[in-house]
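Residue numbers (the numbering used here): 53 to 481.
Idealized CB from N, CA, C, for every residue including glycine.
Following: one structure in structure tokens, then a few remarks.
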């Protein structure tokens, strides 16, 4: 969320940013919120004057009564009562205007970084760099669920009966591989200096609206009926929420946390064949990383975060690339974002396995995450990035480590987490 003063003083910049994000329908909101803000400030000024007048007149009443000038005192009392009625009207008006202003400010997108390429949607995202050599083997690679089935490692039919589409049972070696990757990712991030955390898997509505836009909320979040709670779509939500309404001494920054959680997402809309199986699902597990830092340090942390994911995948011999998200592909709170994509030998292309984002002070402004610095208090910057989300990551893992005989090799870094197992042998052809 932007600073209202910034919008008031820089309407043309805000409007151009909206155009750059191809959200022209929001352009009228800028003038509307400026007008509402002017009305609100006028109402507050009048209310403040009435409060000051009330205090002055109250003292005058006491003075007149002490002098026995009762009729004059009664006349002043009538003025106080009239002012009180007007003050009550203004307080109602202030509350209504505050709500309208906040609703619009929560809708106007954050100012994107100047380095972000201008583009309408994800088809215009820009490749930054490739890491590792993509390989296409000389044998056919089955669809990822077929690979899993060869190890008796997945049961979608039973999951469909129990929970419906978008759920799965992982079994045996595949389930163990899933857990091994999560455990390895946890230790990988701890070794990079991040504090490990298991957060709440449900959050209140004020945290939800603090960490994401209304559009994201509607598309992603599951509401707990009858309670002010939502299932998290990613642990970054509860991890950032941990700092709600806090003031952190500057010398204690940065806060670098890595978290494990299940994630729950609606995943609305129809999806193609390549997004079936365990690619786009309602429930999955993930290792995440977040940073709370000083504003001037957020670009540096942004680069460190995506590099962590690249290094993790490369340590498991999976080729990846980074992709700069264009303006139209950025969620409203994001200043800058890039995707990490893994190589799919079967599809002969890359696909998304993680996303790194710098949100500037947008989440901090909504959640009141402040820093106590030597020159006073200011808003922190927040960043997040996927370490690894194994169901989707398993697709890349299995395709890149599949052998011609149907076996799957395990990279050395995972041996300790797989009980020393170095090769998975299929149970059926």
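C-beta contact flag for residue i and residue j at 8 Å
{"i": "residue 88", "j": "residue 152", "result": "yes"}
{"i": "residue 204", "j": "residue 479", "result": "yes"}
{"i": "residue 406", "j": "residue 392", "result": "yes"}
{"i": "residue 12", "j": "residue 379", "result": "The question about residue 12 has no answer here: the residues shown for the chain are numbered 53 through 481."}
{"i": "residue 454", "j": "residue 296", "result": "no"}
{"i": "residue 180", "j": "residue 374", "result": "yes"}
{"i": "residue 207", "j": "residue 223", "result": "yes"}
{"i": "residue 294", "j": "residue 251", "result": "yes"}
{"i": "residue 177", "j": "residue 384", "result": "no"}
{"i": "residue 131", "j": "residue 109", "result": "yes"}
{"i": "residue 317", "j": "residue 285", "result": "yes"}
{"i": "residue 348", "j": "residue 334", "result": "no"}
{"i": "residue 99", "j": "residue 146", "result": "yes"}
{"i": "residue 431", "j": "residue 354", "result": "no"}
{"i": "residue 313", "j": "residue 240", "result": "no"}
{"i": "residue 356", "j": "residue 305", "result": "no"}
{"i": "residue 366", "j": "residue 246", "result": "no"}
{"i": "residue 403", "j": "residue 394", "result": "yes"}
{"i": "residue 270", "j": "residue 476", "result": "no"}
{"i": "residue 273", "j": "residue 282", "result": "yes"}
{"i": "residue 135", "j": "residue 106", "result": "yes"}
{"i": "residue 86", "j": "residue 103", "result": "no"}
Classification of residue i by the beta-carbon crowding that lies within 10 angstroms, buried from 16 upward
{"i": "residue 218", "result": "buried"}
{"i": "residue 248", "result": "exposed"}
{"i": "residue 352", "result": "exposed"}
{"i": "residue 258", "result": "exposed"}
{"i": "residue 77", "result": "exposed"}
{"i": "residue 451", "result": "buried"}
{"i": "residue 58", "result": "exposed"}
{"i": "residue 201", "result": "buried"}
{"i": "residue 427", "result": "exposed"}
{"i": "residue 429", "result": "exposed"}
{"i": "residue 279", "result": "exposed"}
{"i": "residue 444", "result": "buried"}
{"i": "residue 144", "result": "exposed"}
{"i": "residue 288", "result": "buried"}
{"i": "residue 329", "result": "buried"}
{"i": "residue 467", "result": "exposed"}
{"i": "residue 73", "result": "buried"}
{"i": "residue 175", "result": "exposed"}
{"i": "residue 448", "result": "buried"}
{"i": "residue 457", "result": "exposed"}
{"i": "residue 363", "result": "exposed"}
{"i": "residue 344", "result": "buried"}
{"i": "residue 138", "result": "exposed"}
{"i": "residue 461", "result": "exposed"}
{"i": "residue 323", "result": "At residue 323 the pLDDT is 48, less than 50, meaning the model places this residue with poor confidence and gives no usable figure here."}
{"i": "residue 381", "result": "buried"}
{"i": "residue 398", "result": "buried"}
{"i": "residue 360", "result": "buried"}
{"i": "residue 276", "result": "exposed"}
Inter-residue CB distance, residue i and residue j (contact presumed, cutoff 8 Å)
{"i": "residue 242", "j": "residue 197", "result": "Incorrect: roughly 32 Å between the Cβ atoms, too far for contact."}
{"i": "residue 315", "j": "residue 358", "result": "Contact doesn't hold; Cβ gap of about 19 Å is too wide."}
{"i": "residue 158", "j": "residue 266", "result": "7 Å"}
{"i": "residue 388", "j": "residue 167", "result": "7 Å"}
{"i": "residue 528", "j": "residue 470", "result": "There is simply no residue 528 to check, as the chain begins at 53 and stops at 481 in what is shown."}
{"i": "residue 463", "j": "residue 185", "result": "No, residue 463 and residue 185 are not in contact; Cβ-Cβ is about 15 Å, not under 8 Å."}
{"i": "residue 230", "j": "residue 350", "result": "About 32 Å; that fails the 8 Å criterion."}
{"i": "residue 211", "j": "residue 195", "result": "About 17 Å separates the two Cβ atoms, so there is no contact after all."}
{"i": "residue 160", "j": "residue 82", "result": "7 Å"}
Complete runs of the alpha helix (DSSP H) confined to the stretch 144-212 [at least 4 residues]: 196-202
Using 8 Å as the cut-off, can you tell me whether the stretch 337-351 makes contact with the stretch 229-241, which would need three or more C-beta pairs spanning the two stretches below that distance? yes
Quick one: complete alpha helix (DSSP H) runs, 4+ long, within the stretch 224-284? 224-242, 257-263 and 266-272
Whole beta strand (DSSP E) elements within the stretch 375-452, 3-residue minimum: 388-396, 401-410, 421-425, 428-431 and 433-440
Would you check if the stretch 422-431 and the stretch 300-316 touch, i.e. whether three or more CB-CB distances between them fall below 8 Å? yes
Is the stretch 253-267 in contact with the stretch 406-420, if contact means three or more CB pairs nearer than 8 Å? yes
Quick check: the stretch 178-192 against the stretch 435-444, are there 3 or more CB pairs under 8 Å? no
Check whether the stretch 90-102 touches the stretch 61-71, counting contact only when three or more Cβ pairs, one atom from each stretch, lie closer than 8 Å. no
Contiguous alpha helix (DSSP H) assignments of at least 4 residues, all confined to the stretch 293-372: 350-367
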